[in-house]
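Below: the structure, in structure tokens.
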Amino acid sequence: MKTKIINARIFTPIEILDNHDIIIEDGKILAVTPRDNDLVHKFSDVTVINAAGFLVTPGLIDIHIHGCMGGDTMDASLQTLETMSLFMIRHGVTSFYATTVTNPAEKIDQALDIILNSQGKLPGANAVGVHIEGPYINAMYKGAQNPAFLRTPQEEEYTKWIDKNIVRMITVAPELEGSDDLIQYCIQRKVAIAIGHSGASYEQVTHASDLGASQATHLFNGMLGLHHRELGTAGAVLCDERLYAQIIADGIHLHPAIIKLIIKAKGIDRVILITDAMRATGLPDGEYDLGGQLVHVANGTARIANGSLAGSTLTLDQAIRNTMEFTGLPFQSVLEMASSVPAKAMGITETKGFIRSGNDADLTFFDPNYQVKATMIAGELKYKDKSFGG
Ligand SMILES: [Zn+2]
């Protein structure tokens, strides 16, 4: 049984293809071929999706999301993951890295076990891995992470987490004692290291990068800022070409103009749009919990009592639209930062992040105003707006 998507404008995303068809079989992209009206007759059993007027892109990838629709990764609940999964496909996300927060080890254990258990079972976007954000972070740059549970890297803890084979990234403040060992261990085990919630100096960031750290968690937020004689964590991340920078493009965490500056400094192939979304995402303003701390959400901005930002209520499709508005960059370039670039940073390009033969048929359909109208996971349309004929 094959599926053929016709009449769409295809963003691979490195190329824009008109007059091409996408042929899908067994959940994977079999071919992207110049339009061949006869092809339909070459195979028996072809389902045709007419996507005329729509832009087809690789499914979006959110590598840093805590929760949405009232649920959070730390709930350690399959039902919560299902809710998150269904919300995310409405926003074009097909893969996400469920992100934990600073908590006691056993709470993080429970969250990992549930995400492992969810593999192959979620109704929408897939939780392809876990991003452990905290507890190995600097108290001075904790943001809204719960200070009661901060600690230096504990080998018996993180080796156990990594042994579960679902952790794909750990955020760490590299200036903490024991961080070098953690970084080296993670690199060996193919777990990405993101520098974050950190006061690391230029030298400390460079050292972490030398050891294999490859990302920075929400650049500028939760880290020592830039000074022209003391580059600090943020300055070092901007300068180090090896590091991918995650950014929260909600217009609150970063001034729109700094997003322009970050992209100029890093280049599109080193910037990753994330949501850092928390459980209020998709819900009205009010009071919510984040890692055991009370969060007030007003006008979509989430803060704990001391005023620190506590994640966002952003969605990844909105992050794309915001970034286009803030920078004037075209859809194609901004799209890369939410698809192919995160796939590269996480080492999953053989299956995700690109529309090309052999990759998973995880696709997002946008209308010309960049609104998500349908989302496909492994060849199946899992979300479809009524305006999407298909
Ligand atoms: Zn976060």
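Quick note on our numbering: the sequence shown kicks off at 86 and runs consecutively. Here a beta-carbon is modelled for each residue, glycine too, at the ideal position from N, C-alpha and C. Computed from a prediction, not measured in an experiment: that's the story for all the values here.
Residue i burial status per 10 Å Cβ neighbour count (16 or more: buried)
i    : result
H338 : buried
M86  : exposed
S180 : buried
P98  : buried
G371 : exposed
Q269 : exposed
S129 : exposed
M225 : exposed
N476 : Coverage of the chain is limited to positions 86 through 475, which leaves residue 476 absent and any answer about it impossible.
H151 : buried
K349 : exposed
Cβ-heavy atom distance, residue i to ligand 2, below 7 Å
i    : result
H292 : For the structure depicted, ligand 2 is absent and the ligand set comprises only ligand 1.
Assigned secondary structure, residue i (DSSP; H/G/I helix, E/B strand, else coil)
i    : result
I359 : strand
T386 : strand
L466 : strand
L207 : coil
E326 : coil
G219 : coil
L102 : strand
L201 : helix
G317 : helix
H282 : coil
V373 : The residue you asked about is not Val; residue 373 is Tyr in the sequence shown. In this structure, Y373 counts as strand in the three-state DSSP scheme.
Y182 : strand
Residue i vs residue j beta-carbon contact at 8 Å
i    : j    : result
A285 : A258 : yes
N231 : G336 : no
I109 : G464 : yes
E218 : T184 : yes
M363 : D157 : yes
Q417 : I101 : yes
I333 : M254 : no
L197 : K275 : no
V213 : V252 : no
Cα-Cα separation, residue i to residue j
i    : j    : result
D361 : G396 : 5 Å
R94  : P238 : 47 Å
C271 : G155 : 32 Å
K245 : V356 : 31 Å
A404 : L311 : 24 Å
V419 : V426 : 10 Å
A430 : S299 : 8 Å
L309 : F139 : 42 Å
G177 : P453 : 14 Å
I347 : Q331 : 10 Å
Y373 : P208 : 25 Å
K227 : S283 : 8 Å
Q204 : I389 : 33 Å
P220 : S294 : 20 Å
Cβ-Cβ separation, residue j to residue i (assumed contact under 8 Å), whole Å
i    : j    : result
T434 : D445 : With 8 Å as the limit, T434 and D445 do not qualify as a contact, their Cβ atoms being about 11 Å apart.
A161 : Q195 : 4 Å
T366 : T398 : 4 Å
Closer than 8 Å to chain D by CB, residue i
i    : result
H151 : In the structure shown, chain D does not exist; there is a single protein chain.
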